[in-house]
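For the sequence shown, counting from 1, position 299 maps to 299 in the UniProt record's numbering; every step adds exactly one. Glycine included, each C-beta is placed from N, C-alpha and C at the ideal position. Since we're looking at a predicted model, the values are computed, not measured. Inspection log for the structure reproduced underneath, given as structure tokens.
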Amino acid sequence: MFSLISNEIQEISKHLNCKEYQTLKFAIKLNFKPHVCTLQSLKESLELTEGSKERLMLDYKYFNDESFEFVCKAELLALLGKFVSRNISVSSKLKYQAFQDWVDAAVKYNQDIVYFLFMGAIEYSQKSNLELNISDIRERSVFLGYTRIYEYLLRNMEINPANSDNYDFRIACHKGYTDLVELLLADSRTDPSADSNYAIRFSSLHGHVKVVELLLNDSRVDPSDSNNQAICMAAEFGRHKVVELLLRHPKVDPTVDFNYALRRACFFGLYDTVKVLLKNERVDPTSMGNYALLWASRNCFYDVVDLLLADKRVDKSVLKKRLE
1 MFSLISNEIQ EISKHLNCKE YQTLKFAIKL NFKPHVCTLQ SLKESLELTE GSKERLMLDY
61 KYFNDESFEF VCKAELLALL GKFVSRNISV SSKLKYQAFQ DWVDAAVKYN QDIVYFLFMG
121 AIEYSQKSNL ELNISDIRER SVFLGYTRIY EYLLRNMEIN PANSDNYDFR IACHKGYTDL
181 VELLLADSRT DPSADSNYAI RFSSLHGHVK VVELLLNDSR VDPSDSNNQA ICMAAEFGRH
241 KVVELLLRHP KVDPTVDFNY ALRRACFFGL YDTVKVLLKN ERVDPTSMGN YALLWASRNC
301 FYDVVDLLLA DKRVDKSVLK KRLE
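Okay, here's the thing in structure tokens:
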């Protein structure tokens with residue numbers, strides 16, 4: 001699926017010696033079978049390639065600084081099923097671009113493989129007295145949800161998860177990385193209420209049920225922040241399971257802004273969400289002149305209309321007047 005095109009191979013070959021070229025050929029071969037690549041098969045294949053018990057990428061004697069980073073780039077990306085074509089010429093500017101690129105490419109693949117390759121990069125940097133771009137690695141591991149890599153950085157690189165207004169935690173919640181969220185919540189420096197409770201607001205918006213559960217169990221989190229935006233956005237985007245969770249919290253008010261949550265759910269015909277909201281006695285389906293019923297009818301969401309009409313508070317004559 002992600003094969004190296006011929007002109008890229010030719011350009012790469014200009015910069016490789018015999019052993020390095022064999023490495024590239026092996027990488028290209030694996031490139032066609034990323035779906036069958038497991039951590040064990042990766043280790044075995046690396047051993048067989050050079051007829052050595054050592055992992056090929058850690059057999060440093062074959063590589064100088066520049067050729068190593070370049071070969072690693074070709075090898076690692078191909079192992080993970082994608083080759084990033086930019087910056088294919090060897091230069092000092094490519095230092096650890098390999099790591100940055102293959103993390104991007106690895107998003108759909110086994111985290112064990114990613115961690116295995118990451119530790120190889122760490123070991124090489126330590127042996128060579130070269131400095132990794134920890135800030136960039138940290139940001140990418142958070143963005144892609146690589147909990148094991150982030151945990152390594154947390155324990156060994158003295159990073160502070162509270163930096164940049166708890167950016168790491170906010171992104172982990174936004175993207176729904178439950179394991180990473182748990183890891184960060186266990187760190188006393190993390191503030192889950194940062195940036196006006198961004199975490200609960202945007203995990204609710206995206207329907208990350210498990211993350212929302214974790215946050216609601218933390219007394220520092222206020223799901224009613226920003227005028228109850230969490231439940232309003234969850235309802236508007238049809239995250240009915242999240243809406244159900246939020247309604248159990250004493251601070252959440254589903255009637256805010258003239259029952260915005262119900263009105264928008266009806267407007268978009270979100271049956272399950274409407275059903276959950278109507279079960280809450282605080283919600284008023286007649287708000288703003290029976291807006292919910294009128295717009296559900298106008299937009300032809302008849303299953304939602306039936307739900308509303310089954311509520312004794314709804315004025316059924318509104319529909320008749322609309323037809324007159």
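Checklist entry - Is it the case that the Cβ atoms of V211 and L245 are separated by a distance below 8 Å? => result The count along the sequence shown starts at 1 and reaches residue 211 at position 211. The count along the sequence shown starts at 1 and reaches residue 245 at position 245. No, they are not a contact pair.
Checklist entry - Which residues in the same chain as G269 place their Cβ atom closer than 7 Å to its Cβ, once the five residues preceding and following it in sequence are excluded? => result Here residue 269 refers to the residue found at position 269 when the sequence shown is read from its first residue. Closer than 7 Å at the Cβ level, and outside the excluded window around G269, lie A296, N299, F301 and V304.
Item to check | Nearest-angstrom Cβ-Cβ length linking D168 and L184, presumed shorter than 8 Å | outcome: Locating residue 168 in the sequence shown gives position 168, where the first residue counts as 1. Locating residue 184 in the sequence shown gives position 184, where the first residue counts as 1. The pair is a contact, with the Cβ atoms about 6 Å apart (cut-off 8 Å).
Checklist entry - CB-CB under 7 Å to L309, same chain, minus the five flanking residues each way: which ones, in chain order? => result The count along the sequence shown starts at 1 and reaches residue 309 at position 309. Closer than 7 Å at the Cβ level, and outside the excluded window around L309, lie K316.
Checklist entry - What is the DSSP secondary structure of K312, counted as helix, strand or coil? => result Here residue 312 refers to the residue found at position 312 when the sequence shown is read from its first residue. The answer is coil: DSSP assigns K312 none of H, G, I, E or B.
Checklist entry - Is I137 buried or exposed, if buried means 16 or more other CB atoms sit within 10 Å of its CB? => result Mapped onto the sequence shown, residue 137 falls at position 137. Classification of I137: buried, given that the 10 Å Cβ count is 16 or more.
Checklist entry - What span of residues does the alpha helix (DSSP H) with G238 cover, start to end? => result Against the sequence shown, residue 238 aligns to sequence position 238. Note, G238: premise wrong, no alpha helix (DSSP H); not H, not E.
Next on the checklist: By the DSSP assignment, the alpha helix (DSSP H) with R263 in it spans what residues?
Outcome noted: What you label residue 263 is simply residue 263 of the sequence shown in a count that begins at 1. R263 -> alpha helix (DSSP H) spans V256 to F267.
Item to check | Identity of the residue in M288, F267, V242 and H249 nearest G176 by Cα | outcome: Looking up residue 176 in the sequence shown gives position 176. Ranking the options by Cα distance to G176, first place goes to V242.
Item to check | Start and end residues, alpha helix (DSSP H) containing S196 | outcome: Taking the sequence shown and counting its residues from 1, the one referred to as residue 196 is at position 196. Run containing S196: A194 to L205, per the alpha helix (DSSP H) assignment.
Item to check | Cα-Cα separation, L180 to R313 | outcome: Translated into positions along the sequence shown, residue 180 becomes position 180. Translated into positions along the sequence shown, residue 313 becomes position 313. The straight-line gap from Cα to Cα measures roughly 45 Å.
Next on the checklist: Measuring only the C-alpha atoms, how far is N280 from I159?
Outcome noted: The residue given as residue 280 occupies position 280 in the sequence shown. The residue given as residue 159 occupies position 159 in the sequence shown. Looking at the two C-alpha atoms, the distance is approximately 44 Å.
Item to check | Check whether K218 and P254 have beta carbons under 8 Å apart | outcome: The residue given as residue 218 occupies position 218 in the sequence shown. The residue given as residue 254 occupies position 254 in the sequence shown. In the sequence as displayed, the identity of residue 218 is Asp instead of Lys. It is not a contact, given that the beta carbons lie outside the stated cut-off.
Next on the checklist: Assuming E182 is part of the alpha helix (DSSP H), what are its boundary residues?
Outcome noted: The count along the sequence shown starts at 1 and reaches residue 182 at position 182. Here the alpha helix (DSSP H) through E182 covers T178 to L185.
Checklist entry - Would A261 be called buried (16 or more neighbouring beta carbons within 10 Å of its own) or exposed? => result Here the question's residue 261 lines up with position 261 in the sequence shown. Answer is buried; the Cβ neighbour count reaches 16.
Checklist entry - Using a Cβ-Cβ cut-off of 7 Å (strictly less than) and excluding sequence neighbours within five positions of A172, which residues of its own chain qualify? => result Position 172 of the sequence shown, counted from the start, is the residue given in the question as residue 172. V142, L180, V181 and L184.
Item to check | Reduced DSSP secondary structure (H/G/I, E/B, other) of C232 | outcome: Within the sequence shown, residue 232 is the residue found at index 232, counting from 1. In this structure, C232 counts as helix in the three-state DSSP scheme.
Item to check | Residue closest to Q229, alpha-carbon to alpha-carbon, out of L307, K251 and L214 | outcome: Walking along the sequence shown from the start, residue 229 turns up at place 229. Of L307, K251 and L214, the residue nearest in Cα terms is K251.
Checklist entry - Using the C-alpha atoms, what's the distance from R248 back to G207? => result Along the sequence shown, read from residue 1 onward, the residue named residue 207 stands at position 207. Along the sequence shown, read from residue 1 onward, the residue named residue 248 stands at position 248. Looking at the two C-alpha atoms, the distance is approximately 16 Å.
Checklist entry - Where Y152 and Y115 are concerned, what is the direct C-alpha to C-alpha distance, given to the nearest angstrom? => result Walking along the sequence shown from the start, residue 152 turns up at place 152. Walking along the sequence shown from the start, residue 115 turns up at place 115. Distance between the alpha carbons of Y152 and Y115: 10 Å.
Item to check | Cβ-Cβ distance between D306 and P285 below 8 Å | outcome: The sequence position of residue 306 within the sequence shown is 306, counting from 1. The sequence position of residue 285 within the sequence shown is 285, counting from 1. Not closer than 8 Å, so no.
Next on the checklist: Nearest by alpha-carbon distance to D165: which of I149, R140 and D195 is it?
Outcome noted: Position 165 of the sequence shown, counted from the start, is the residue given in the question as residue 165. Minimum Cα distance to D165 is reached at D195.
Checklist entry - How is the alpha helix (DSSP H) around R189 delimited, first residue to last? => result To locate residue 189, count along the sequence shown from 1; it is residue 189. Per DSSP, R189 belongs to no alpha helix (DSSP H) and is neither H nor E.
Item to check | Same chain only: Cβ atoms within 6 Å of R263, ignoring 5 sequence neighbours per side | outcome: Your numbering for residue 263 matches position 263 in the sequence shown. For R263, where only same-chain residues beyond five positions count, the Cβ hits under 6 Å are Y291 and A292.
Checklist entry - Where does the unbroken alpha helix (DSSP H) through T273 begin, and where does it stop? => result Along the sequence shown, one-based indexing puts residue 273 at 273. Unbroken alpha helix (DSSP H) run through T273: Y271 to L278.
Checklist entry - Nearest-angstrom Cα distance between D272 and H240? => result Locating residue 272 in the sequence shown gives position 272, where the first residue counts as 1. Locating residue 240 in the sequence shown gives position 240, where the first residue counts as 1. Their backbone Cα atoms lie some 6 Å apart in a straight line.
Checklist entry - Which residues in the same chain as residue 364 place their Cβ atom closer than 7 Å to its Cβ, once the five residues preceding and following it in sequence are excluded? => result With the chain represented from 1 up to 324, any question about residue 364 goes unanswered, as that position is not in the structure.
Checklist entry - Within 10 angstroms of its Cβ, does G238 collect 16 or more other Cβ (buried), or is it exposed? => result By one-based count along the sequence shown, residue 238 stands at place 238. G238 should be labelled buried.
Checklist entry - Does the beta-carbon of M233 have 16 or more other beta-carbons within 10 angstroms, so that it is buried, or is it exposed? => result Translated into the one-based positions of the sequence shown, residue 233 becomes position 233. Counting Cβ neighbours within 10 Å, M233 comes out buried, since at least 16 surround it.
Item to check | C-alpha distance - L216 paired with S204, whole-angstrom precision | outcome: Working through the sequence shown from its first residue, we reach residue 216 at position 216. Working through the sequence shown from its first residue, we reach residue 204 at position 204. About 11 Å.
Item to check | Delimiting residues of the alpha helix (DSSP H) encompassing I171 | outcome: Here residue 171 is taken as the residue at index 171 of the sequence shown, counted from 1. Per DSSP, I171 belongs to the alpha helix (DSSP H) from N163 to K175.
Item to check | With 16 other Cβ atoms within 10 Å as the buried cut-off, status of R140 | outcome: Reading the sequence shown from its first residue, position 140 is the one you call residue 140. Per the 10 Å Cβ criterion, buried.
Checklist entry - In its own chain, which residues sit with a C-beta less than 8 Å from the C-beta of V283, not counting the 5 before and 5 after it? => result Here residue 283 is taken as the residue at index 283 of the sequence shown, counted from 1. Only P254, T255, N259, A261, L262 and L277 meet the Cβ criterion.
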